[in-house]
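See structure below.
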Amino acid sequence: MIKQLSWKVGGQQGEGIDSTGEIFSTALNRLGYHLYGYRHFSSRIKGGHSNTKIRISIRPIRAVSDDLDVLVAFDQETIDLNAHELHDRGVILADAKFKPVVPEGVSARLFSVPFTKIAQDVGLAQMKNMVAVGASSALLGLPLEAFQGVIEEKFSRKGQQVVDKNMEAIQSGVDHVLKETGGMIEDLKLEPSDGKKRLYMIGNDAIALGAIAAGARLMAAYPITPSSEIMEYLIKQLSKFGGTVVQTEDEIAAISMVLGANYGGVRALTASAGPGLSLMTEAIGLAGMTETPAVIVDTQRGGPSTGLPTKQEQSDINAMLYSTHGEIPKIVIAPSTAEECFYDTIQAFNLADRYQCPVIILSDLALSLGKQTVEPLDYDRISIDRGNLITDSEGLKQLENSELFKRYEWTEDGVSSRVLPGVKNGLHHVTGVEHDEVGRPSENPLNRQRMVEKRLKKLEQGIDFEHPVHVDAEHEEADLLIVGIGSTRGVIHEGMERLQADGVTVNHLHIRQLLPFPAETVKKEMAKAKKVVVVENNATGQLASQLKLHVGMADKISHVGKYDGNPFLPSEIYNQCKELLVHGHV
Amino acid sequence: MATFKEFRNKVKPNWCPGCGDFSVLAAMQRAFANQGLEPEDVTLVSGIGCSGRISGYMNAYGFHGIHGRALPIAQGLKLANRDLTVVAAGGDGDGFAIGMSHTIHAIRRNVDITYIVMDNQVYGLTKGQTSPRSEMGFKTKSTPKGAIEATIAPLEMALTAGAGFVAQAFSSDLKQMTRLIEEGLNHKGFSLINVYSPCVTYNKINTYDWFKENLTNLEQDESYDPSDRMMAMQKLMENNGLVTGLIYQNKERKSYEEMISGFREEPLAKQDLKLPKEDFDQLVAEFA
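Read top to bottom, the protein sequences are chains F and A. Going by the UniProt record's numbering, the residue at position 538 of the first sequence is 538; the numbering climbs one at a time, nothing skipped. Going by the UniProt record's numbering, the residue at position 269 of the second sequence is 269; the numbering climbs one at a time, nothing skipped.
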């Protein structure tokens, strides 16, 4: 029996690869296994190879594995492109219809199962996916009952007969494989899980759910990969809560609408990827200047320009930190798990209201679209803090003689009372032009200086963000500190475990608050290690530069970059760190 | 009830003496007062340029944003609080050059706001460059040999984009402009009011006198029917857009807010943010 394995299904895009993976993984999630699913897809809708790789384990995992145990192939291309990932005892389950061949040099076992033929015999060729699901579960030794509920939910709208036929297809897949293999293959059989109830979701869904929990009721966005799921989820759900999603003409309109909405008092967000964020830049500056709260999600993908729209990268770090002209207060946070995507999004709205500034949630494709196991989300951890907000005229001083409310009053911490339009005795002006305390344009040098300082002061003492870093550092003196951001959390952890097994002492620090940079905390962790390696999906070491800038110790910082469009593998982390430790450089 | 004077503040506009925008400001103030609005009921969202400064001269809530983006800001605000009277205002550069796409899409979308364009056919605040509204041959700093690009016809464009309310006013006729703004405020959906608001400094061609000579007031034409879209288009084309009055109104078209499924009467900004536990559990169950 094994503790974890990797399963991949592949075929032509649009052939139902996603739904095969979905049914299989939903059942596994309900059985209590930890899962991590990553889709390989292209910027096209029909045709072209597509695959979903799912890792199944009895303990938490958040990374793609180096190798593969089971490959389910609906065409020869899937075998040709993926069989090299299979280890020696791996298995190919392929549709007998296309007469599958194992490529030279691959020693995996091939079971040719008549997916299509069996499905046709049951009633419909499309159910070949279900046959494949059955065949897979037989290999892993999963109980068939696990699929009953999933199939019912998916097909009950179409009637009991459809449910029964699908279950029959799964059963036939099981029977065929058991007959062919002569019983269970012991080295693919999974140890039983703990059976606990958990969720299985992509980061984008967690962000969208977090937005609803935070009370966001308006989203304005323009479709773009890999952020569209956030919009799609909210389109589906927001109307139940009286809210709505506006699909705007472009990202400039989206962010501008979000500013108007937040100014009006509703919690509103937008989400995009690099190209959209580039367009939003000027309006983000307006949010900073007018002290208007706004939550903006950047799901990074391969850049620059159109770059690699469907591939992983973390190269927007500098852009999110520095883009927009002039100097504004801005918060950038970076969740590293789907669970954090949920809680951090709630916090993002609170931070935006409290500090009255734009908050960017920095995600990346692997986090936004990678599907992972999430511990049950805690309703009691949802808290809403609107900061210094005035929603009615109670207690407001009567404004006489076209006098205005001091919306931008100089205060100790730089944060002033924000009164919503519509409130009597709250009249004031809002402008992107430098302004005085009531919002009137002013070029007075003294006022200018004080206003710049007022805005920047809001974040100078640090912000009240719950977890500015994730630390996994048991060693007071370590050979190595691995630093990462975003989706690399799981893969770094696995790389670290392998290094530890070799006797290397390794600590792991994941940066979750990028701006303002938690320099003191990071410095403390860096000081414990002889060497620091920053793992990031970009070529220029953008996160490493932040460490050097805010902490120093530049001579012990190295950077491991990957920018081929794919997420890091555990072996890459292990090998690169080994290299660094042995040769002193990567 | 507020009088139009209560919509005035003490800020002295930085417009040139004689600028058409003074009338637009006055007409808006009168229209708001005539409609029984209080200063806090109104938010004026403006763009960038001479005309964009208008929100700072109105005693009401005001949001002076970035160049070309008054409309998306105004729409976001209206969706956040549908109880507010939201008016967007800006120049022809703001609405028909840098913000053109927002203008077209705001018309299509039909959020219940009023958009007033102060159209002077030239860029004033940057000291006299050509605008998409400049006539061909118009000489400016950026077109010393005369403009060689075709002039945009914003009202015809609005009609083809599905506008429910299109009107045009002229700064010399304060009474008509006030009435048109009031009609725009009362229209359920997006209303576009283009105002010929002469630039006395950089436009020596399209002057007050020139407009007086060339404008046709549709309200004096008894056969004109503003509910007839074809007629509206024809009149605009016949007169090269040089008409004033209510050009077209479709009272049947529903506003965006009315079309959104589940959108409540109570403004979003006033709703309780707290998600009930049952709803949370239901949302989470989808991922189990």
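For every residue, glycine included, the Cβ atom is placed at its ideal position computed from N, Cα and C.
May I ask which residues mark the beginning and end of the beta strand (DSSP E) holding residue i?
i: F:HIS87; result: 86-95
i: F:ALA135; result: First-last for F:ALA135: 128-140, but that is the alpha helix (DSSP H), not the beta strand (DSSP E).
i: A:TRP210; result: Counting along the chain, A:TRP210 falls outside any beta strand (DSSP E), though it belongs to the alpha helix (DSSP H) covering 208-214.
i: F:HIS429; result: 429-431
i: F:LEU515; result: 513-515
i: A:ASN194; result: 191-196
i: F:LEU362; result: 358-364
i: A:THR85; result: 85-91
i: F:THR116; result: That residue, F:THR116, is in no beta strand (DSSP E); its alpha helix (DSSP H) goes 115-122.
i: A:THR114; result: 114-119
i: F:ILE331; result: 331-333
i: F:VAL64; result: Neither: F:VAL64 is in no beta strand (DSSP E) and is coded neither H nor E.
Which residues of chain A have a Cβ atom closer than 8 Å to the Cβ of residue i, listed in chain order?
i: residue 587 of chain F; result: Beyond the ends of chain F as shown, which are 1 and 586, falls residue 587 of chain F; an answer cannot be given.
i: F:ALA132; result: Those do not exist, as F:ALA132 stays about 24 Å from chain A at its closest Cβ, beyond 8 Å.
i: F:ASP205; result: PHE287
Who are the neighbours of residue i on chain A, taking C-beta pairs under 7 Å?
i: F:THR52; result: Per Cβ cutoff of 7 Å: no residues; F:THR52 is ~17 Å from chain A at best.
i: F:PRO441; result: GLY56
i: F:LYS197; result: ALA288
i: F:GLY16; result: Near F:GLY16 there are no residues of chain A at all, since even the closest Cβ is about 21 Å away, more than 7 Å.
i: F:GLY243; result: LEU268
i: F:LEU209; result: LEU283
Closer than 7 Å by beta-carbon distance: list the chain F residues that pair up with residue i, in chain order.
i: A:ARG30; result: Those within 7 Å of A:ARG30 in chain F number zero; the least Cβ separation is about 17 Å.
i: A:THR43; result: PRO421
i: A:ASN110; result: Within 7 Å Cβ-Cβ: nothing; A:ASN110 doesn't reach chain F, min ~12 Å.
i: A:TYR61; result: PRO421 and LEU427
i: A:PHE280; result: ALA213 and TYR379
i: A:PRO39; result: LEU427
i: A:SER101; result: GLU249 and ASP250
Using a Cβ cut-off of 8 Å, pull out every chain F residue sitting near residue i, in sequence order please.
i: A:SER55; result: HIS429 and THR431
i: A:ASN81; result: GLY264, GLY265, VAL266, LEU420, PRO421 and GLY422
i: A:ILE73; result: SER256, MET257, LEU259, GLY260 and TYR263
i: A:VAL87; result: Ordered by position in chain F, no residue passes the 8 Å Cβ test against A:VAL87, which lies about 12 Å from the chain.
i: A:HIS105; result: THR248, GLU249 and ALA253
i: A:LEU77; result: GLY260, ALA261, TYR263, GLY264 and PRO421
Sort out for me which residues DSSP pairs residue i with in a bridge.
i: F:TYR200; result: F:THR373
i: F:GLU536; result: F:GLY561
i: F:TRP7; result: F:ILE54 and F:VAL70
i: A:GLY245; result: A:GLN168
i: F:PHE98; result: Its beta-bridge partners do not exist; DSSP assigns none.
i: A:THR43; result: A:TYR61 and A:VAL86
i: F:ALA221; result: F:GLN247
i: F:ALA529; result: F:ALA478
i: F:ASP472; result: F:HIS508
Between residue i and chain C, is the shortest Cβ-Cβ distance under 8 Å, so that the two count as touching?
i: F:LYS154; result: Absent from the structure: chain C. Protein chains present are F and A.
Under 9 Å between beta-carbons, which chain A residues line up against residue i? List them in chain order, please.
i: F:ARG448; result: Chain A residues near F:ARG448: none, gap ~17 Å exceeds 9 Å.
i: F:SER239; result: ILE260, SER261, GLY262 and PHE263
i: F:LEU277; result: By Cβ distance, chain A contributes nothing, its closest Cβ being about 16 Å from F:LEU277, past 9 Å.
i: F:LEU124; result: What F:LEU124 touches in chain A: nothing, since even the nearest Cβ is about 27 Å away.
Could you list which residues in chain F have their beta carbon closer than 9 Å to that of residue i, in chain order?
i: A:GLY65; result: SER256, LEU259, GLY260, ALA283, LEU286, THR290, VAL430, THR431 and GLY432
i: A:TRP84; result: Checking the sequence shown, residue 84 of chain A turns out to be Leu, not Trp. By Cβ distance, chain F contributes GLY264, PRO421 and GLY422.
Just to confirm the assignment, what range does the alpha helix (DSSP H) spanning residue i have?
i: F:SER571; result: 570-583
i: F:GLY541; result: Counting along the chain, F:GLY541 falls outside any alpha helix (DSSP H), and DSSP gives it neither H nor E.
i: F:ALA352; result: 338-355
i: A:VAL24; result: 21-34
i: F:TYR36; result: No alpha helix (DSSP H) holds F:TYR36; the beta strand (DSSP E) holding it covers 34-40.
The ligand GDP and residue i: does any heavy atom of the ligand fall closer than 7 Å to the residue's C-beta?
i: F:MET553; result: Absence of the ligand GDP is noted for the structure shown, with no ligands found whatsoever.
For this session: Could you pull out every unbroken beta strand (DSSP E) segment of at least 3 residues lying fully inside the segment 264-327 of chain F, listed in chain order?
Result: Secondary structure in the segment 264-327 of chain F: the beta strand (DSSP E) runs of 3 residues or longer, each lying completely within the stretch, are 267-272 and 294-300 in chain order.
Exercise. Listed in chain order, which residues of the segment 245-263 of chain F have Cβ atoms closer than 9 Å to some Cβ of chain A?
Worked result: VAL246, THR248, GLU249, ASP250, ILE252, ALA253, ALA254, ILE255, SER256, MET257, VAL258, LEU259, GLY260, ALA261, ASN262 and TYR263
For this session: Give the residues from the segment 257-276 of chain A that approach chain F closer than 7 Å (Cβ to any Cβ), ordered along the chain.
Result: Of all residues in the segment 257-276 of chain A, only ILE260, SER261, GLY262, PHE263, ARG264, LEU268, ALA269, GLN271, LEU273, LYS274 and LEU275 place a beta-carbon less than 7 Å from a beta-carbon of chain F.
Problem set entry | Interface residues of the segment 363-386 of chain F facing chain A [CB-CB below 9 Å] | The residues in question are VAL374, PRO376, LEU377, TYR379, ILE382, ILE384 and ARG386.
Exercise. Any residues in the segment 23-50 of chain F with a beta carbon nearer than 8 Å to a beta carbon of chain A? Which ones, in chain order?
Worked result: Listed by position along the chain: ASN29 and ARG30.
Problem set entry | Short-range partners of chain F found in the segment 10-22 of chain A, where Cβ spacing is below 7 Å | LYS10 and VAL11
Exercise. Closer than 7 Å, Cβ to any Cβ of chain A: which residues of the segment 143-177 of chain F, in chain order?
Worked result: none
For this session: Taking a Cβ distance cut-off of 9 Å, strictly less, list which residues of the segment 450-478 of chain F are near chain A, in chain order.
Result: none
Problem set entry | Contact list for the segment 216-229 of chain F against chain A, Cβ threshold 8 Å | ARG217, LEU218 and ALA220
Exercise. In chain order, which beta strand (DSSP E) runs of at least 3 residues are fully inside the segment 97-146 of chain A?
Worked result: 114-119
For this session: Closer than 7 Å, Cβ to Cβ, to anything on chain A: give me those residues from the segment 393-410 of chain F, in chain order.
Result: Residues passing the 7 Å Cβ filter: SER402.
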